[in-house]
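Numbering (my numbering), first residue to last: 846 to 1082.
What follows is the structure in structure tokens.
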């Protein structure tokens, strides 16, 4: 039985299917997640997005409500809830996704990790899931790959990962700009928007920021590539 399984895995891997999809699991920071082709395989770069959020949350006592847009497998929001579970503060976690299958996987992961009661999951496109809420942190790994680049990616990505989670439109920033434009309505005064971005996109984001939501920091990844964009809402908005 075990030998048959190994042979099956070898055949699937030879077809360039990601190992995480073959075994149905992936590690992200301190947690093990269920994954399938309905969700992205969590990346090491996204761990840095969580790290930036943790620094903010631990440094700013007023932070209470945290939203993960396009949660996918739940990697980001579940890592935050898991790593902050001993915090004495009354933190509230929210997560949304347009894809019902992806949201189902996130809920399963929350249940497996004993975090289901701590997170409110809701289906919806971006902020439509929580239209009347304001958050202290909005965090997101949006689709940021230009449409024309997707067929050129590794087969593990282009053949198997969900296009909805990859395709950022003509220049890769279609969804990113939409989030930046809508975020001020959903951020508390002096709240933060943290987003993962693609290589070469940081300079373009400066023109998308506004007095209501200025770009305040770009953090680099392990390869010294600009990877995390951090915006902070104005106090008066």
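Here a beta-carbon is modelled for each residue, glycine too, at the ideal position from N, C-alpha and C.
Cβ neighbours of residue i in the same chain (closer than 8 Å, five flanking residues each side left out)
i: residue 845; result: Nothing about residue 845 can be reported from this structure: the residues present for the chain run from 846 to 1082 only.
i: residue 1067; result: 889, 890 and 893
i: residue 996; result: 1003
i: residue 1059; result: 1076, 1077 and 1079
i: residue 994; result: 1017
i: residue 978; result: 910, 912, 939 and 1031
i: residue 987; result: 914, 915, 1013, 1020, 1021, 1024, 1040 and 1041
Euclidean distance between Cα positions of residue i and residue j
i: residue 1070; j: residue 861; result: 26 Å
i: residue 1031; j: residue 859; result: 45 Å
i: residue 1086; j: residue 863; result: The structure shown has nothing for residue 1086, since the chain only spans 846 to 1082.
i: residue 955; j: residue 1062; result: 31 Å
i: residue 893; j: residue 851; result: 33 Å
i: residue 879; j: residue 1033; result: 33 Å
i: residue 902; j: residue 999; result: 35 Å
i: residue 934; j: residue 975; result: 22 Å
i: residue 1001; j: residue 854; result: 14 Å
i: residue 1018; j: residue 1049; result: 9 Å
i: residue 1010; j: residue 968; result: 15 Å
i: residue 960; j: residue 953; result: 10 Å
i: residue 865; j: residue 1054; result: 36 Å
i: residue 1020; j: residue 958; result: 30 Å
i: residue 971; j: residue 1027; result: 9 Å
i: residue 1035; j: residue 1047; result: 21 Å
i: residue 963; j: residue 985; result: 19 Å
i: residue 920; j: residue 1037; result: 19 Å
Local Cβ density within 10 Å of residue i, reported as buried at 16 or more and exposed below that
i: residue 989; result: buried
i: residue 1093; result: Residue 1093 cannot be examined here, being either before or after the span of the chain that is shown, 846 to 1082.
i: residue 848; result: exposed
i: residue 872; result: exposed
i: residue 981; result: buried
i: residue 942; result: buried
i: residue 904; result: exposed
i: residue 930; result: exposed
i: residue 877; result: exposed
i: residue 786; result: Only positions 846 to 1082 of the chain appear in this structure, which leaves residue 786 out of reach.
i: residue 869; result: exposed
i: residue 906; result: exposed
i: residue 1013; result: buried
i: residue 1044; result: exposed
Same chain only: Cβ atoms within 7 Å of residue i, ignoring 5 sequence neighbours per side
i: residue 857; result: 867
i: residue 1057; result: 1029, 1078, 1079 and 1082
i: residue 1015; result: 991 and 992
i: residue 897; result: 1039, 1064, 1073 and 1075
i: residue 936; result: 909, 911 and 929
Inter-residue CB distance, residue i and residue j (contact presumed, cutoff 8 Å)
i: residue 899; j: residue 928; result: 6 Å
i: residue 1041; j: residue 1072; result: 6 Å
i: residue 887; j: residue 918; result: 6 Å
i: residue 922; j: residue 938; result: 6 Å
i: residue 895; j: residue 914; result: In fact, because the Cβ distance is near 14 Å, the residues do not count as touching under 8 Å.
i: residue 1025; j: residue 912; result: Actually they do not touch by this definition, with Cβ atoms about 15 Å apart.
Own chain partners of residue i with C-beta closer than 6 Å, once the 5 adjacent residues on each side are dropped
i: residue 965; result: 939
>> If we require 4 or more residues per run, which alpha helix (DSSP H) segments fall completely within the stretch 988 to 1046?
In response: Runs of the alpha helix (DSSP H) lying entirely within the stretch 988 to 1046, each at least 4 residues long, are 1000 to 1003 and 1019 to 1031 in chain order.
>> Please give the ranges of any beta strand (DSSP E) in the stretch 876 to 914, keeping only runs that are unbroken, at least 3 residues long and fully inside the region.
In response: For the stretch 876 to 914, whole beta strand (DSSP E) runs of length 3 or above, ordered along the chain, are 876 to 879 and 910 to 914.
> What residue ranges within the stretch 911 to 960 form continuous beta strand (DSSP E) runs of no fewer than 3 residues, ordered along the chain?
Replying inline: Listed in chain order, the complete beta strand (DSSP E) runs (minimum 3 residues) inside the stretch 911 to 960 are 937 to 942.
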